[in-house]
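Peer 1:
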Amino acid sequence: MRSQSQISEGKGSIRHNVPILSVSFETEDGSRELKRENGDISMKFRYKVTYHGVDTTNSTTAGPLTFFTNVFRDVLNYQLDRRVQGGSGQWIPCRYGDYCPGFVNDQPSKIHVAQSEDFVCLHPSESWEGSFTLDDELWEFPDHLRTGAIFRFAFKGATIEWWDWGTKDGTHADTVVTFREYGQSTRSGFTDDNNGGRPLIFVPSSSEIELVLAD
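Written out as C-alpha cells, the structure is:
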C-alpha cells in the first residue's frame, strides 16, 4: 500500500497519512483442537495488532499512534464457519448466540486517554496483544456435533473508532474524549466531530485459522 502525500511535521501541523494496522492471532496453547469439556465448547486465542506506519515499505514514515481498542474485543468483528460434514467442502457461518448490543447511555461519558487501558500507543513496527475466547456462549453450535468437525475462525476487519498521532503519556497526557456507551457491549459511539477530521483507519481481515473439534 502506498502512503498518501505528507504534510511537514512542524509545530501545530497535522499528518494526513492513514496509519496501517494488521491483526494476526493464534490459539493460546498452540493447539488447533477446539476443546469440548462437559458438553461446553471453548478455546482461547491471543491476537496481535501491529502498526506498520503509513507505508509498509518504510515503517519510519510515521510517528507514534494512539487508538481505541474495543473493535478487537467485539464478537461481531469475528467470523466462525463450520465445514459441512459429508465431503461437500461447503462452509456454513455459525450464528451468533444471545449477543446483546446493550442499551444506549443517554449521558455521554468522558474518558482520559492516558488513564484508560482501552487506549493503546504504538510506534511503527510495534505490536499490542490481547486475548479473545471462542465459546458456545457467543456462537450457536449445532446439536450432536461429531468429533472431528472442522471450523475456521478469523477477524473480519473493522474500523477504529478513535485515533490520533502521539503518545498516551506525552501528546495525550491531558486528552479527554467523549463517547456514548452501549450497556455491557464493547460497542460505543464517539461524539467527537468526525474524529477530529482525521481519516478513518480500517483494519483488514486476518488470516483464517482452521480448528478441529476434539473430545
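Residue numbers (full-length UniProt numbering): 1 to 215.
For each residue, glycine too, the CB sits at the ideal point set by N, CA and C.
Let me check one thing: in DSSP terms, what residues is D143 bridge-paired to?
Peer 2: D143 is not bridged to any residue.
Peer 1: Judging by CA-CA distance, which residue of P19, F25, L21 is the nearest neighbour of F153?
Peer 2: Selected option, being the one with the closest Cα: F25.
Peer 1: Across which residues does DSSP place residue 223 in a beta bridge pair?
Peer 2: Any question about residue 223 goes unanswered here, given that the chain covers just 1 to 215.
Peer 1: Give the straight-line distance between the Cα atoms of L80 and P64, rounded to the nearest whole angstrom.
Peer 2: Cα to Cα, L80 sits roughly 33 Å from P64.
Peer 1: Below 8 Å on the Cβ atoms is my contact criterion, and I expect E137 with K48 to pass it. Report the Cβ-Cβ distance as a whole number of Å.
Peer 2: That belief does not hold up - the Cβ atoms of E137 and K48 are roughly 24 Å apart, past 8 Å.
Peer 1: Are the CB atoms of F119 and T159 nearer to each other than 8 Å?
Peer 2: Contact flag unset, no.
Peer 1: Out of L76, W91, V75, D74, point me to the one whose CA is closest to R82's CA.
Peer 2: The shortest Cα separation from R82 among L76, W91, V75, D74 belongs to W91.
Peer 1: Just how far apart, CA to CA, sit L76 and F68?
Peer 2: Looking at the two C-alpha atoms, the distance is approximately 17 Å.
Peer 1: For T50 versus S131, is the C-beta spacing smaller than 8 Å?
Peer 2: No; because the gap between Cβ atoms is not below 8 Å, this pair is not in contact.
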